[in-house]
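Per full-length UniProt numbering, the very first residue in the sequence shown carries number 1; after that it's consecutive.
In this text, a Cβ means the ideal position worked out from N, Cα and C, and glycines have one as well.
Everything numeric in this text was worked out from a predicted model, so none of it was measured.
First comes the structure, then the notes that go with it.
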Amino acid sequence: MRKRRAKKRVLLPDPRFNDQLVTRFVNNLMWDGKKSVAFKVFYDAMDIVDNKKEDSEKTALEVWKDGLSNVMPHVEVRSRRVGGATFQIPMQIRPDRKVSMAIKWMISYARKRNEKTMAQKLAAEILAAAKEEGAAVKKRVDTHKMAEANKAFSHFRF
């Protein structure tokens, strides 16, 4: 085999929370290789979450992780040609893909919000996701609805 599967790179845990998932999130948040700026945005957002959160016994990191798990999809539809027709086939998602989809959705919908700074946008999206509301959670619900609607084609699974 010429092309091997790409090796998974080991991420260094972030300085403040000592968590690899935070680094993965910040890497997705980063623009133009400006990691220190991305870390500042994330940590500022976490400070805002810490001030605004309703559940006083949870840390800001736990609120963020709850929000991320609320955004994670469990099934998605994939296109597959059978005969002359293209079917949307519902499929289970690999665990690492679940996480990366949740991260991407959370960041992209945070960017579309209309607060002043990116840190405020991200904090608002995290708090909304933790309460199971907001655009990123809606995206997960829509993805699940799409999979449910196309359940009849699941026998075409490859």
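Residue i, DSSP secondary structure in three states
i: ALA6; result: coil
i: MET30; result: coil
i: PRO90; result: strand
i: GLU125; result: helix
Unbroken beta strand (DSSP E) run spanning residue i, endpoints
i: ALA152; result: It is not in any beta strand (DSSP E) - ALA152 carries neither H nor E in the DSSP assignment.
Start-to-end residues for the alpha helix (DSSP H) that takes in residue i
i: PHE17; result: Premise fails: PHE17 is in no alpha helix (DSSP H) and is neither H nor E.
i: SER11; result: It is worth fixing the name first, because residue 11 is Leu in this sequence and not Ser. From DSSP, LEU11 is part of no alpha helix (DSSP H); its letter is neither H nor E.
i: SER36; result: 35–52
Per DSSP, the bridge partner or partners of residue i
i: ALA85; result: VAL82
i: VAL63; result: DSSP output for VAL63 lists no bridge partner at all.
i: VAL75; result: GLN92
Expected contact under 8 Å - CB spacing of residue i and residue j to nearest Å
i: LYS52; j: ALA123; result: 7 Å
i: VAL49; j: ALA60; result: 4 Å
i: GLU125; j: MET106; result: 6 Å
i: VAL75; j: ALA147; result: 4 Å
i: MET118; j: VAL26; result: So it is not a contact: roughly 12 Å between Cβ atoms.
i: ALA110; j: LYS121; result: 5 Å
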